[in-house]
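S.K.:
Protein chains: 2
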Amino acid sequence: MDLHAASPALPAGPTTPSGDVLYFPTEDAARLEPHLPPLSSSQSQQTQTRPFVTLTFATSLDSSLSLAPGVRTVLSGPQSKAMTHYLRSRHAAILVGVGTAIADDPGLNCRISSATSNPRAIVIDPLARWSLTEESKVLQLAKAGQGLAPFIFVSDAAEVSLESKEWLQRFGGKYVFVKSFMDGGGSVRFHWEDVLAAVQGEGLDSIMVEGGGQIINSLLTPPNNRLIDSVIVTIAPTWLGQGGVVVSPPRVEGEKAAPLRLTDVSWHPLGEDVVLCGKILKI
Amino acid sequence: MDLHAASPALPAGPTTPSGDVLYFPTEDAARLEPHLPPLSSSQSQQTQTRPFVTLTFATSLDSSLSLAPGVRTVLSGPQSKAMTHYLRSRHAAILVGVGTAIADDPGLNCRISSATSNPRAIVIDPLARWSLTEESKVLQLAKAGQGLAPFIFVSDAAEVSLESKEWLQRFGGKYVFVKSFMDGGGSVRFHWEDVLAAVQGEGLDSIMVEGGGQIINSLLTPPNNRLIDSVIVTIAPTWLGQGGVVVSPPRVEGEKAAPLRLTDVSWHPLGEDVVLCGKILKI
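Each protein sequence line maps, in turn, to chains A and B. Residues in the first sequence are numbered consecutively from 1, following our numbering. Residues in the second sequence are numbered consecutively from 284, following our numbering.
1) In chain A, what lies closer than 9 Å to residue 525 of chain B by C-beta?
2) I want to verify the contact list: residues of chain B whose CB lies under 9 Å from the CB of residue 235 of chain A, in sequence order.
3) Could you tell me the alpha carbon to alpha carbon distance between residue 337 of chain B and residue 366 of chain B, rounded to whole angstroms?
4) Determine the DSSP secondary structure at residue 565 of chain B, reduced to helix, strand or coil.
5) Measuring alpha carbon to alpha carbon, tell me which of B/349, B/364 and B/350 ends up nearest residue 553 of chain B.
6) Return no unless some Cβ of chain A is closer than 7 Å to the Cβ of residue 538 of chain B.
7) Across the segment 464–472 of chain B and the segment 304–316 of chain B, are there enough close Cβ pairs to call them in contact, namely three or more that are closer than 8 Å?
8) Can you find a C-beta in chain A that's less than 7 Å from the C-beta of residue 542 of chain B?
9) So, for residue 257 of chain A: in the same chain, excluding its five sequence neighbours on each side, which residues have a beta-carbon less than 6 Å away from its beta-carbon?
10) For residue 26 of chain A, decide whether its Cβ has a neighbour in chain B, counting only Cβ atoms nearer than 7 Å.
11) May I have a chain-ordered list of the beta strand (DSSP E) segments no shorter than 3 residues that lie completely inside the segment 472–507 of chain B?
12) Within the 7 Å Cβ cut-off, does residue 262 of chain A reach chain B?
13) If you follow the beta strand (DSSP E) that residue 121 of chain A is in, where does it begin and where does it stop?
14) Can you name the residues that DSSP bridges to residue 457 of chain B?
15) Return no unless some Cβ of chain B is closer than 7 Å to the Cβ of residue 56 of chain A.
16) Mind pulling the chain A residues with CB within less than 8 Å of residue 441 of chain B?
17) Let me see if you follow: with CB-CB separation under 7 Å, is residue 67 of chain A close to chain B or not?
18) Can you tell me the Cβ-Cβ gap for residue 151 of chain A and residue 176 of chain A, rounded? I've got them flagged as a contact below 8 Å.
19) At 9 Å on the CB atoms, spell out the chain B contacts of residue 239 of chain A, in chain order.
20) Could you tell me the alpha carbon to alpha carbon distance between residue 200 of chain A and residue 48 of chain A, rounded to whole angstroms?
21) Roughly how many angstroms separate the alpha carbons of residue 235 of chain A and residue 117 of chain A, rounded to a whole number?
22) Report buried or exposed for residue 226 of chain A, applying the criterion of at least 16 other Cβ atoms within 10 angstroms of its Cβ.
23) Can you give me the Cβ contacts of residue 275 of chain B inside the same chain, cut-off strictly under 6 Å, excluding the 5 residues immediately before and after it?
24) Can you name the residues that DSSP bridges to residue 518 of chain B?
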């Protein structure tokens, strides 16, 4: 796979409040195809009990997502950005944690030229911490018809006012209440099975898990990682240095440290970055 | 660059105590050439004041060299191993820290089929901690004519008995005394400039820095990283998980956190791994 190939000229496209329309070359998209959810979703939906899960993110060589929590750090180049938006176009939903939603005020839409629809943004927010306002980018885009309002997954024990619920519904979004538990550190968490069941329950048959660090590390931790169907990681040729937000699954206490391996691996240079595609090796 | 290309059959070669002779395809070697010391060393030696420095190592996706300090962890595949030995054949010296020397009992020789000589092993051992014995692999190989005995770089304040010095010299190795200092944590350290001056003083005009974690992180820390001429990193498609020996340069106190970027970057898939070649971007 040679993603170094010169891209054709960008097609003319309207400039949106969320930035320019992005273009991802067809030949590059074709190479990613084996790592993506099946195209004929109606067929797959009949048999699947949970959505197709793609884990995707971009790190530095030292596996950092950003220089520090809440610090947005541009790591990967423009081609990688276009790839991310292309990947969004191939999933029914995208998922981020509330930390990312608060820190980045992300658009969570799809700006790829070929996209015919936007993915649904799922925000994992057990304690209903996210103070979404009409100024939030994701709602600005929803109002402009350039994105979908988020589904916010909160704990079934969280209190969300009727006013908040109705307000979010006016944009097309909603609060989804998911069974929660308290982890050893006293944090309210979801089981990934419950999250994915709720995603499937909303009729969303594929989801791209994007970040941030806590979400990614949690999904990579055994036994959660068996829920991952595809891994697509972009690596940028930089070191962010110690103290960054690092992707590295925690080791499960009492179990012998063992590497988590990928299989069906392919590496695709993309500009200055490399894209790694693979599947979790089940052991 | 397509290092996936099928390798020609292995040439017949003698099996040595250090393991089989390794073969690295000529076409792959050619692609690494721009990242290696100049081939005509006599020419370059006249003008250079310090050796050509290549930093090379293999990590997991979460930038770990091993599961834990002192735990030898097989990360990369057989092609990457052959590449490492090929790279050794293209350097006058290779360098490891004493931690690696103690933990791994490494051979530190070159087993590539095309090699006509072995690199000199330099071991950074300020406190003269390494209890080298006749059973140590590096001396076994030296005795068998399949490697060179190491030059052990110790602090100019370290006490090494005349007996030890003479013993090591019998194998062709020696102790080299280098000016040292005590760092903030009370550890005896060398300045990299002094190490490289001593390497050059031994008539060694190129050196490949291989590990371990402390050595690599120290060399990547500004301003040391300006001494690096070439970076060759192998990345294996695994996560070792939190608690591994991580490559990630420490941040320099009082300075704004900034990524350390590579330039002249190329990525080369090699078996299941990827090899990244580049230079430190001087800023």
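Using N, Cα and C, we set each Cβ at its ideal position, and we do this for glycine too. Because the structure is a prediction, the values reported are computed rather than measured.
M.R.: Here's the rundown:
1) By Cβ distance, chain A contributes 217, 246, 248, 249, 250 and 251.
2) Simply 344, 518, 550, 557 and 559.
3) One Cα belongs to residue 337 of chain B, the other to residue 366 of chain B, and the distance between them is close to 14 Å.
4) In this structure, DSSP gives residue 565 of chain B a state outside helix and strand, which the three-state scheme calls coil.
5) Between residue 553 of chain B and the set B/349, B/364 and B/350, the nearest pair of CA atoms involves B/364.
6) Under the Cβ distance rule, residue 538 of chain B does not count among the residues neighbouring chain A, no pair being separated by less than 7 Å.
7) Segments in contact, no.
8) Using a Cβ-Cβ cut-off of 7 Å, residue 542 of chain B counts as an interface residue toward chain A, since at least one Cβ of chain A sits closer than that to its own.
9) Closer than 6 Å at the Cβ level, and outside the excluded window around residue 257 of chain A, lie 251.
10) No, no contact with chain B.
11) For the segment 472–507 of chain B, the continuous beta strand (DSSP E) assignments of 3+ residues that do not extend past its boundaries occur at 489–494, in sequence order.
12) At a cut-off of 7 Å between C-beta atoms, residue 262 of chain A counts as an interface residue with respect to chain B.
13) Start and end: 120–124.
14) In DSSP, residue 457 of chain B forms a bridge with B/434.
15) Answer no: the Cβ-Cβ gap between residue 56 of chain A and chain B never drops below 7 Å.
16) Those within 8 Å of residue 441 of chain B in chain A number zero; the least Cβ separation is about 29 Å.
17) Interface residue, yes.
18) Rounded, the Cβ-Cβ distance is 5 Å, consistent with contact.
19) In chain order: 346, 503, 530, 531, 532, 542, 543, 544 and 545.
20) Between residue 200 of chain A and residue 48 of chain A, the C-alpha separation is close to 9 Å.
21) Linking residue 235 of chain A to residue 117 of chain A through their CA atoms gives a straight-line distance of about 28 Å.
22) Per the 10 Å Cβ criterion, exposed.
23) The shown model of chain B, from 284 to 566, leaves out residue 275 of chain B, and the question about it has no answer.
24) B/342 and B/557.
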